[in-house]
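The structure appears right after this line, and notes come after that.
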Amino acid sequence: NDQLSNRINKMATSATLAMAAKARELRASGKNIIGLSLGEPDFTVPDFIKQAAIEAIEQDYHSYTPVDGYVELKDAIITKFKRDNNLKYGHSQIVVSTGAKQSLYNLAMILLNEGDEVLLPAPYWVSYADISKVAGGVPIQIKTSIDNDFKVTPQALRAAITPKTKMMIYSSPCNPSGSVYSKAELRALADVLVEFPNIIVISDEIYEHINFTEAHISMASFEDMYERTVTVNGVSKAFSMTGWRIGYIGGPEWIARACNKIQGQVTSGANCIAQRATIAALENPPSRIQYMVDAFKERRSLILDLLNNIPGFKTNEPEGAFYVFPDISEFFGKVLKGTTINNATDFSLFLLEEAQVATVTGEAFGDPNCIRISYAASEEDIVAALKAIKAAVS
Ligand code: PLP
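For the sequence shown, UniProt numbering assigns the number 2 to the initial residue and increments by one for each residue that follows.
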């Protein structure tokens with residue numbers, strides 16, 4: 002529609018949400034679709050968090066909150082950053098938002114001018130590119146490969162930097178690849194970045210607890226990166242609170258102040274009940290949610306075993322989050338059950354039609370050879386889905 006703004010016409014629909022909508026549509030028409038497309042834990046919210054929300058309602062929390070979050074929630078976030086990430090932030094450096102997605106959107110809107118370049122180690126989370134674009138930025142992909150665990154090298158990072166580079170956004174553990182940067186790998190990237198003090202780093206740590214390897218490292222925990230890194234986190238993934246919509250940042254005060262300013266005009270702050278519940282979520286030690294992490298780890302082994310039994314799927318071992326990101330380019334140019342597969346989108350749609358399993362094309366994540374399969378699903382669903390996929394491609 003030409004009455005819509007150029008801004009929205011330039012923006013792609015979220016591929017993961019589009020796939021979920023398509024799966025829902027097929028389900029409504031009577032098909033039994035197994036959804037492995039969404040990054041959404043299948044657990045319920047832990048009781049201690051539910052109780053905090055119930056108490057907040059009973060205690061009559063109902064008013065607008067401070068735009069950047071309740072002081073008590075900021076206290077909990079400050080404690081959490083110190084406890085889990087060795088990061089020291091003050092109240093004026095924290096902003097609570099309506100999901101980490103809004104935190105990222107705020108950051109793009111307050112930092113990017115028209116034409117500013119945003120470095121995205123690819124594969125990257127779908128929304129980084131479109132959030133950057135809507136704010137006038139130009140996404141610049143830095144390619145990685147499955148043979149290197151989808152991790153960006155210092156050389157590739159350096160080669161992508163130009164005088165127009167304004168920021169870099171990355172996630173570790175990574176959605177969609179599950180890759181986790183070690184301390185040495187992050188330090189090597191920081192060694193390049195310190196030479197370019199104007200580049201701001203957005204470190205998206207929303208999967209920090211869903212990590213099957215070594216300790217999670219925050220970029221801002223390197224002293225020479227602290228002043229130019231914004232740490233983004235939230236409760237959607239680790240606490241299974243996707244619909245509660247709470248995310249937050251810690252970062253330089255001038256950035257937090259600007260996020261507060263934009264949020265004051267756009268949402269007036271995040272939901273008050275969810276904020277009270279998040280205090281309980283963050284005040285408790287991560288051991289309270291270890292049972293979910295353990296389950297994800299088991300499912301990872303299960304899905305990798307099953308995938309490695311299907312010819313044409315090339316996998317690496319994801320170290321965190323709850324996705325596998327197999328390279329399926331073997332199928333390109335082939336005809337499967339009468340359907341020609343030209344790219345990852347064709348393949349993902351083929352799996353939906355033929356195996357009735359919803360996945361997401363890697364094209365949306367900046368890697369056209371792969372598809373993303375979420376294993377935040379029950380073991381029965383994972384087994385049934387992989388059986389159907391095997392039958393469809395054999
Ligand atoms: N960052 C990454 C890497 C994600 O995968 C997601 C959710 O899929 C988000 C941020 C957004 O999370 P929230 O639900 O807090 O908006």
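Cβ coordinates follow ideal geometry from the N, Cα and C atoms, glycine included.
Can you tell me whether residue i is buried or exposed, with buried defined as 16 or more other CB within 10 angstroms of its CB?
i, result
"residue 58", "exposed"
"residue 279", "buried"
"residue 115", "exposed"
"residue 1", "Because the chain in this structure spans residues 2 to 395, residue 1 falls outside the shown range and cannot be described."
"residue 7", "exposed"
"residue 265", "exposed"
"residue 328", "buried"
"residue 65", "exposed"
"residue 301", "buried"
"residue 312", "exposed"
"residue 214", "exposed"
"residue 149", "exposed"
"residue 55", "exposed"
"residue 474", "Given that the chain is displayed from residue 2 to residue 395, the structure contains no residue 474 and the question cannot be resolved."
"residue 69", "buried"
"residue 276", "buried"
"residue 14", "exposed"
"residue 343", "exposed"
"residue 22", "exposed"
"residue 75", "buried"
"residue 360", "buried"
"residue 177", "buried"
Residues in its own chain within less than 6 Å of residue i by CB, not counting five upstream and five downstream?
i, result
"residue 138", "113, 117, 119"
"residue 82", "88, 90, 251"
"residue 396", "What is shown of the chain runs 2 to 395, which leaves residue 396 out entirely."
"residue 140", "119, 121, 130, 133"
With distances taken Cα to Cα, identify the nearest neighbour of residue i among the options.
i, options, result
"residue 394", "383, 375, 335", "335"
"residue 1", "299, 348, 166, 333", "No answer is possible for residue 1: the residues shown for the chain start at 2 and end at 395."
"residue 61", "211, 378, 273, 156", "273"
"residue 10", "85, 45, 132, 27", "132"
"residue 297", "240, 345, 349", "240"
"residue 185", "164, 360, 154, 310", "154"
"residue 314", "291, 349, 25", "349"
"residue 237", "12, 345, 99", "99"
"residue 222", "135, 145, 188", "188"
Which one or two residues does DSSP pair with residue i in a beta bridge?
i, result
"residue 429", "With the chain covering 2 to 395 only, the question about residue 429 has no answer from this structure."
"residue 227", "Residue 227 pairs with nothing; no bridge assigned."
"residue 249", "97, 234"
"residue 337", "340"
Excluding five sequence neighbours on each side, which residues of the same chain lie with their C-beta closer than 8 Å to the C-beta of residue i?
i, result
"residue 167", "112, 113, 114, 117, 118, 119, 138, 199, 200, 201"
"residue 337", "351, 355, 393, 394"
"residue 396", "With the chain running from 2 to 395 in the structure shown, residue 396 is simply not present."
Please go through the same chain and pick out, in chain order, the residues whose beta-carbon is closer than 7 Å to the beta-carbon of residue i, but skip the five residues on each side of it.
i, result
"residue 219", "86, 88, 204, 206, 232"
"residue 142", "121, 123, 367"
"residue 32", "357"
| task | Can you check the stretch 80-163 for any beta strand (DSSP E) of at least 3 residues that lies completely inside it and give the ranges in chain order? | result | 95-98, 118-122, 139-143
| said: My parser needs the beta strand (DSSP E) runs of 3 or more residues fully inside the stretch 164-215; what are they? | reply: 166-172, 201-205
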